[in-house]
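Visitor:
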Amino acid sequence: MRIASWNVNSIRARLDRVAAWVRANQPDALCLQETKAQDHEFPVAVFRELGYTSVVHGQKSYNGVAVLSPHPLDDVVRGFDDGGDEDDGTRLIAATVRGVRVYSAYVPNGQMVGSAAWDAKLHWLARLRRTLELRHQPDDLAAVCGDFNVAPEERDVYDPQFWRTTVLFHPEARASLRHLCEFGLVDTLRLHHEEPALYSWWDYRMLAFPKNMGLRIDLILATRALAARCTAAGIDREARKGNLPSDHAPITADFDL
DNA sequence: ATGGCAATGTTTCATTGA
Numbered sequence: 267m268r269i270a271s272w273n274v275n276s277i278r279a280r281l282d283r284v285a286a287w288v289r290a291n292q293p294d295a296l297c298l299q300e301t302k303a304q305d306h307e308f309p310v311a312v313f314r315e316l317g318y319t320s321v322v323h324g325q326k327s328y329n330g331v332a333v334l335s336p337h338p339l340d341d342v343v344r345g346f347d348d349g350g351d352e353d354d355g356t357r358l359i360a361a362t363v364r365g366v367r368v369y370s371a372y373v374p375n376g377q378m379v380g381s382a383a384w385d386a387k388l389h390w391l392a393r394l395r396r397t398l399e400l401r402h403q404p405d406d407l408a409a410v411c412g413d414f415n416v417a418p419e420e421r422d423v424y425d426p427q428f429w430r431t432t433v434l435f436h437p438e439a440r441a442s443l444r445h446l447c448e449f450g451l452v453d454t455l456r457l458h459h460e461e462p463a464l465y466s467w468w469d470y471r472m473l474a475f476p477k478n479m480g481l482r483i484d485l486i487l488a489t490r491a492l493a494a495r496c497t498a499a500g501i502d503r504e505a506r507k508g509n510l511p512s513d514h515a516p517i518t519a520d521f522d523l
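Numbers in the working numbering are just positions in the first sequence, counted from 1, shifted up by 266.
#1: From the DSSP output, in three-state form, read off R268 for me.
#2: What residue from L487, I277, D453, M472 has the CA that sits closest to F308's CA?
#3: On the DSSP letters alone, give me the boundaries of the alpha helix (DSSP H) that H458 sits inside.
#4: Thinking I483 and L434 are a contact (beta carbons under 8 Å), I'd like their distance in whole angstroms, please.
#5: To the nearest angstrom, how far is it from the Cα of I517 to the Cα of D351?
#6: Would you mind stating whether L388 and S442 have Cβ atoms separated by less than 8 Å?
#7: Out of curiosity, what's the CA-to-CA distance linking Y318 and Y369?
#8: Is T432 helix, strand or coil by DSSP?
#9: Can the beta-carbon of V322 be found closer than 8 Å to that of D305?
#10: Using 8 Å as the threshold, is the stretch 362-378 in touch with the stretch 448-455, meaning 3 or more CB pairs across them?
#11: Use the C-beta contact count for L510: other C-beta atoms within 10 angstroms, 16 or more gives buried, fewer gives exposed.
#12: Along the chain, which unbroken stretches of the beta strand (DSSP E) at least 3 residues long are found entirely within the stretch 484-522?
#13: Below 8 Å on the Cβ atoms is my contact criterion, and I expect A303 with G345 to pass it. Report the Cβ-Cβ distance as a whole number of Å.
#14: Enumerate in chain order the residues of its own chain whose CB-to-CB distance from D522 is below 6 Å, with the five nearest sequence positions on each side excluded.
#15: CA-CA distance, G508 and V379?
#16: Go ahead and label H459 buried or exposed: buried means 16 or more other beta carbons lie within 10 angstroms of its beta carbon, across all protein chains shown.
Structure representation (structure tokens):
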């Protein structure tokens with residue numbers, strides 16, 4: 267079973283590229299973030315022609331998440347089902363695919379350290395952990411996938427000295443991500459690749475991509491039971507090339523399931 | 001080669017992203 271995740275920076279602007287990637291890579295579950303489409307605007311028909319069903323949770327202009335699969339998508343939940351306040355933005359959707367609970371998460375960026383958006387980012391990560399505590403045991407088969415807007419470690423950042431002052435690599439954001447993982451989630455890429463400079467996002471500016479000035483902020487986190495079955499993980503740098511790319515590359519994890 | 005931001009809609013500039 268192959269699970270993939272991709273911040274596409276508008277599904278409508280990226281439709282041909284995403285459809286081609288699905289055709290070539292045949293994921294069993296594809297989590298999308300920043301679809302930037304209301305639910306009725308999501309191009310479900312294009313993916314249906316490829317044999318994929320889409321479950322979506324979107325809004326106008328910003329945010330938006332989805333899960334696509336050629337298999338049945340069961341027990342779909344949009345947003346946090348923790349009984350708390352209504353979500354501020356469409357940033358989370360979950361569905362069960364072949365017995366695996368799959369989450370597509372778009373963690374708030376946080377804008378500036380110390381801003382209201384920064385507080386909201388840390389709160390959002392804490393709320394995601396609470397939701398997992400309510401819904402799962404660490405020995406469940408679950409994958410929390412998406413754009414976390416936090417790089418876990420120094421080896422995931424091209425200039426840690428600079429980036430540690432920003433929302434993407436600030437010690438507090440890293441601590442919030444660590445706390446999430448301490449629920450019992452494993453960073454699947456690091457099960458198979460130890461080397462530094464494996465990035466999933468590059469700024470559109472400053473020739474960041476050809477210079478590999480990036481950060482690894484997109485993750486597929488697996489519960490221990492699922493991680494035990496992880497046979498491969500990777501980042502598809504090729505999909506960041508060419509005309510009109512997303513600023514993020516798709517990431518994948520394969521499981522013996 | 002992979003080349004110096006991009007998508008949206010508030011639309012000819014402002015907002016947001018990371």
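Here a beta-carbon is modelled for each residue, glycine too, at the ideal position from N, C-alpha and C.
Guide: Walking through what the data contain:
#1: strand
#2: I277
#3: 455-458
#4: 6 Å
#5: 31 Å
#6: yes
#7: 17 Å
#8: coil
#9: yes
#10: no
#11: exposed
#12: 484-489, 496-501, 517-521
#13: 17 Å between Cβ atoms; not a contact.
#14: R495, T497
#15: 33 Å
#16: exposed
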